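Residue numbers (our numbering): 1 to 406. Here the structure comes first, spelled out in structure tokens, and everything after it is commentary.
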Amino acid sequence: MDSLITAAARALATGDPLGALKRVALRDDAPALALRGIAMAQLGDLDRAKTLLRRAARAFGPREAVARARCVVAEAEIALVSRDLTWPAKALDAARVTLEAHGDRVNAAHARTLEIRRLLLIGRLDEAEHALAELDASSFPPASRAAHELVVAGIAIRRLQTKAARAALARAEHAAREADIPALTAEVESAARVMSTPAARAIARGEERPLLLEEVEALLASGALVMDACRNVVRDAGTVVSLATRPVLFALARALGEAWPADVSRSTLVARAFRAKHADESHRARLRVEVGRLRAELRALADVSATKQGFALEPRRAREVVVLAPPVDEQHAAVLAFLADGESWSSSALAIALGASPRTVQRALDSLGSAGKVQSFGRGRARRWMTPPVPGFPTILLLPGPLPSD
């Protein structure tokens, strides 16, 4: 490898893409194309980066399997950053196998980390954790250690294991300082801000207060009966009842939880559950049916008793009832939770991440766009959606993946 290629590679390793381009910008040989692609990715021109990396992969000879595999890994990282979740995961796995077979353990580990980051993004936490356990990060270079610890922290945050998350973030910060790459340091700082940003609201006995992630973790372990409006489940310390596919029942449960220990009038419950301004006999009849269904669903946790005015919640074990709500009530909160990371998403990628139909996601995006909460650019398959980070809006509790006791 000639000196210019070596110097450019070192510049990229230290986060200096302009320094790398000064050395290889006018060259079209395979190594230079690959380095130019990585440099353009670091500068944010992801489309140009993908084009250069594909040219590089084609330009490498049949005996340069490792170089081609490295190009595939770099392209996979660009796909992840640009939220292209349709990028073929099998290609990344094949590249990782090639790198391992040729002894390039650092880049093979990087490929595995990318696989884990994708699993984390779409909420497959058990698979991500299992794959992470197979990696030994002790021999990684500082930048790779920082990326590894960010994944560890991400899984811990999504599971509401805040002590483990803080420890991983501290290790990531130390590794990022050692790597001395400004972009990596900024990424670690951004991840750490999640711990000091309100992630939810607690509504109990007519009062409301913001909660940090640590406080959410403590609430779920406290034994209180929690109406979790982030996941549409009802839980105490030992039992979880999901009402995610029963929005009417959860609306009733939330209304009863917010009013506890008082009761809720029938007209209020009709308005909350059915969005009806005036309750007639058909609404009252339907309310009786839905309350009966709610009793059956919550029989292990609470009873719903009739009162003179309406209905009241009576916990079986818990001494407190708390509603856990997002900091901002929004009809399409789950979509906004993904877009709040500041990255650009396609509607198909959001559908994969949310486990929803593309049409459902597109309707949500159109509604948010009409309200001025998101913006789109591009057309057809190249269309992307994004929004600046939403102040006070969570990205953790609304993302897919199990929480404690799920």
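No residue lacks a Cβ here, since even glycine has one placed at the ideal position from N, Cα and C. The structure presented is a predicted model; accordingly, all values stated were derived computationally and were not measured.
In the structure shown, F274 adopts helical secondary structure according to DSSP, grouped into three states. Your pair V234 and L298 checks out as a contact, with CB atoms roughly 6 Å apart and the cut at 8 Å. Rounded to the nearest angstrom, the gap between the Cα atoms of E330 and E343 is 20 Å. The shortest C-alpha to C-alpha distance from D366 to any of A340, A349, G355, V335 is the one to V335.
In this structure, the straight-line span from the alpha carbon of I122 to that of K22 is close to 38 Å. Assigned with DSSP and collapsed to three states, S370 falls in helix. For P326 and V226, the gap between their C-alpha atoms comes out near 13 Å. For F338, the enclosing alpha helix (DSSP H) begins and ends at 333-339. Counted as a single uninterrupted DSSP element, the beta strand (DSSP E) harbouring M386 occupies residues 384-386. Relative to the Cα of A89, the nearest Cα in the group I155, R118, L213 belongs to R118.
Rounded to whole angstroms, the Cβ separation of A176 and T185 is 5 Å, and the two are in contact under 8 Å.
Each residue's CA atom was taken as its position, placing R246 and V270 some 15 Å apart.
In this structure, A244 and R231 form a Cβ contact; the two beta carbons are roughly 7 Å apart against a cut-off of 8 Å. The residues P17, in chain order, have a CB closer than 6 Å to that of Q42 in the same chain once the five nearest residues on each side in sequence are set aside.
Contact between V248 and A276 fails: their C-beta atoms lie close to 12 Å from each other, not under 8 Å. When beta bridges are read from the DSSP output, E314 appears opposite D303.
Collapsing the DSSP output to three states places L225 in a strand. The residues L339, V374, in chain order, have a CB closer than 6 Å to that of T387 in the same chain once the five nearest residues on each side in sequence are set aside. In the same chain as A349, and ignoring 5 residues on each side of it, the C-beta atoms closer than 8 Å to its own belong to R83, D84, L85, T86, in chain order. If you draw a straight line from the Cα of L80 to the Cα of T113, it comes to about 11 Å. When secondary structure is reduced to three states using DSSP, I116 falls in the helix class. DSSP, read as helix, strand or coil, puts P358 in helix.
For I203, there is no enclosing alpha helix (DSSP H); the residue is found in the beta strand (DSSP E) stretching over 200-204.
Taking 7 Å as the cut-off, the beta carbon of G37 is found no closer than this to the beta carbon of A25. Per the coordinates, the alpha-carbon of L33 lies some 42 Å from the alpha-carbon of H332.
No residue range can be given for S138, since it is assigned to no beta strand (DSSP E) and is classified by DSSP as neither H nor E.
By the 16-neighbour rule on beta-carbons within 10 angstroms, D236 is buried. Listed in chain order, the non-local C-beta contacts of R166 below 7 Å within the same chain comprise M195, local neighbours out to five positions each way being set aside. For A251, the enclosing alpha helix (DSSP H) stretches over residues 247-259.
Burial is judged here by how many other beta carbons sit within 10 angstroms of a residue's own beta carbon; P358 has fewer than 16 and is exposed. Taking a C-beta distance under 7 Å as the contact criterion, A131 and T98 do not qualify as a contact pair. When only Cα atoms are considered, I181 and R145 end up about 13 Å apart. Using a Cβ-Cβ distance cut-off of 8 Å, the stretch 198-208 and the stretch 134-148 are not in contact, since fewer than three pairs of beta carbons, one from each stretch, lie closer than that value. Boundaries of the alpha helix (DSSP H) around P31: 30-43. Counting every other CB atom within 10 Å of its CB across the protein chains shown gives D263 a total of 16 or more, marking it as buried. The Cβ atoms of A183 and G15 sit closer than 7 Å to each other.
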